[in-house]
Each structure stands twice: as C-alpha cells, then as structure tokens.
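Notes to accompany the following structure.
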Amino acid sequence: NAGVTQTPKFRVLKTGQSMTLLCAQDMNHEYMYWYRQDPGMGLRLIHYSVGEGTTAKGEVPDGYNVSRLKKQNFLLGLESAAPSQTSVYFCASSGQGWQPQHFGDGTRLSIL
Amino acid sequence: SQELEQSPQSLIVQEGKNLTINCTSSKTLYGLYWYKQKYGEGLIFLMMLQKGGEEKSHEKITAKLDEKKQQSSLHITASQPSHAGIYLCGADIDGNDMRFGAGTRLTVKP
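Protein chains in written order, with the numbering used here: chain A, 160 to 271; chain B, 5 to 114.
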C-alpha cells in the first residue's frame with residue numbers, strides 16, 4: 160500500500176522555468192492538499208481540492224496552479240519559477256470529515 | 005504570521021526525562037492534529053483531538069486539548085531516542101482551512 164506518492168523527489172530549476180509536481184494517492188480519499196515547508200514557517204497550504212474537478216486557494220496560492228482531473232491525482236504547477244519558491248513541497252490526502260491527513264515524503268525544489 | 009504558536013521551538017532532553025510541547029491559538033481550534041516529522045521525510049499522524057477537555061494517549065505520548073479549545077499540549081513520558089524529530093500541531097481554525105505551527109525540534113540525548 161503506497162499511500163501518498165510524490166514525484167519527483169528532488170529538482171533544480173532555473174528562474175523562469177516551469178514544472179509540474181505530481182501527487183498520487185491510492186486510498187480513495189476525496190480531499191487532497193499541497194503545502195510548502197520553509198524553515199521557521201511550518202507548513203503553509205498552497206491549494207487544496209475537495210473532490211475530482213474542484214480546486215481552491217489556500218494560504219499562499221500566488222505563483223502556483225493546480226489541477227485535479229482524476230480523483231487519485233493532484234498536480235501542482237509552477238508556470239514561471241522564482242527563487243522565492245525554493246522550498247520543500249508536501250502533498251497530503253484525507254477522507255471526508257474530521258480525518259487526519261496522510262502525507263507524502265516531499266519534493267525538494269531549488270530554484271536558482 | 006503564525007496562527008498557531010508552538011513552544012518551545014527546540015528542546016534537548018536527556019533520555020528518560022519527561023517533556024511537554026505546547027500549541028496555542030487566539031482562536032477556536034477545530035480538529036487539532038499532532039504530527040511527527042523526521043528530517044527529510046513526510047509527516048506521521050500521531051493523534052487528533054476535537055472536543056474541549058479531550059485527552060488521548062498512545063504508548064508514552066499524551067495529547068490534551070483545553071476546555072476553551074485554544075491550546076493543546078503534547079506530553080512525552082520517559083523519552084527515548086526514537087522520540088527525536090520535529091513535532092507539529094495542525095488545526096482547522098475558525099472553520100477555515102488547515103493551519104500548522106512552525107514545529108518543535110526535539111533532540112533526545114542517550
């Protein structure tokens with residue numbers, strides 16, 4: 160049982176490049192989330208989805224876009240990467256109601 | 005700004021000692037979650053608290069949510085090196101989306 164899988168695990172980009180981070184979950188969860196984790200800041204929610212075909216903005220959505228075309232997948236896109244987006248990105252999923260979120264192992268993204 | 009304040013930011017304890025980590029908000033916490041993170045890895049769910057005054061325990065870890073639902077504590081009894089890591093609290097604040105504290109880094113010296 161894989162749980163939540165994030166790809167890639169590491170990536171280095173140049174300023175202005177674009178890329179997509181992929182999150183896949185095999186627990187049939189309705190809700191999926193993208194966070195970024197920076198030193199001293201904890202986890203901050205970027206975007207989330209409460210079901211296939213739906214997305215919503217979180218605390219720090221600027222510079223990111225997301226899509227949830229399939230229930231099991233949640234994509235995070237950076238259209239024009241900036242050094243301020245250097246971070247560790249975590250994906251999570253959860254069932255409906257008061258359910259804990261299950262996290263992937265993270266993607267370390269560096270933008271030069 | 006952090007809507008969830010965790011204290012202390014870091015903690016170094018001798019193996020076998022007890023310790024407490026706090027998570028505080030000025031707003032009502034709905035669904036307070038405690039997670040543990042090891043360096044370079046994802047978050048592992050520990051416990052969830054919902055009701056004011058609720059207390060839960062798992063092995064040597066006990067979490068409490070105060071009656072006003074604005075503060076939670078995580079207590080570890082007889083700490084072991086395996087308890088080392090970063091502890092984060094997360095909560096649905098005022099019925100909005102999830103917020104996390106900045107984390108408490110715990111080191112347990114053998």
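Quick reminder that beta carbons are idealized off the backbone N, C-alpha and C, glycines included.
All values reported here derive from a predicted model rather than from experimental measurement.
Residues bridged to residue i (per DSSP)
i: A/K230; result: Paired residues: none, contrary to the question.
i: A/Y205; result: Before going on, a small fix: residue 205 of chain A reads as Ile here, not Tyr. According to DSSP, which records beta bridges pairwise, A/I205 is partnered with nothing at all.
i: B/E9; result: B/T28
Minimum Cβ-Cβ distance from residue i to chain A less than 7 Å
i: B/T111; result: no
i: B/E59; result: no
i: B/S5; result: Caution applies to B/S5, whose pLDDT of 46 falls short of 50 and renders its modelled position unreliable; the model cannot decide the point.
Residue-level contact to chain B via CB, residue i, 7 Å cutoff
i: A/G217; result: yes
i: A/P167; result: no
i: A/D298; result: The structure shown does not extend to residue 298 of chain A, since chain A is modelled only from 160 to 271, so the question has no answer here.
i: A/G236; result: no
i: A/L202; result: yes
i: A/W193; result: no
i: A/P220; result: no
i: A/P242; result: no
i: A/D197; result: no
i: A/G254; result: no
i: A/F262; result: yes
Local Cβ density within 10 Å of residue i, reported as buried at 16 or more and exposed below that
i: B/M51; result: buried
i: A/P259; result: buried
i: B/G105; result: buried
i: A/K168; result: exposed
i: A/A240; result: buried
i: A/A215; result: exposed
i: A/L177; result: The identity of residue 177 of chain A in the sequence shown is Ser, whereas the question assumes Leu. Burial call: exposed.
i: B/I16; result: exposed
For residue j and residue i, believed in contact at Cβ under 8 Å, the rounded distance
i: B/I25; j: B/L69; result: Not confirmed; about 14 Å, so no contact.
i: B/L8; j: B/Q41; result: Not a contact, Cβ separation roughly 15 Å.
i: A/Y248; j: A/G236; result: Not a contact, Cβ separation roughly 12 Å.
i: A/Q165; j: A/G263; result: 4 Å
Exercise. Which full runs of the beta strand (DSSP E) of 3+ residues lie inside the segment 37-103 of chain B, going along the chain?
Worked result: As far as the segment 37-103 of chain B is concerned, its whole beta strand (DSSP E) runs of at least 3 residues are 47-53, 59-62, 65-69, 75-80 and 89-97.
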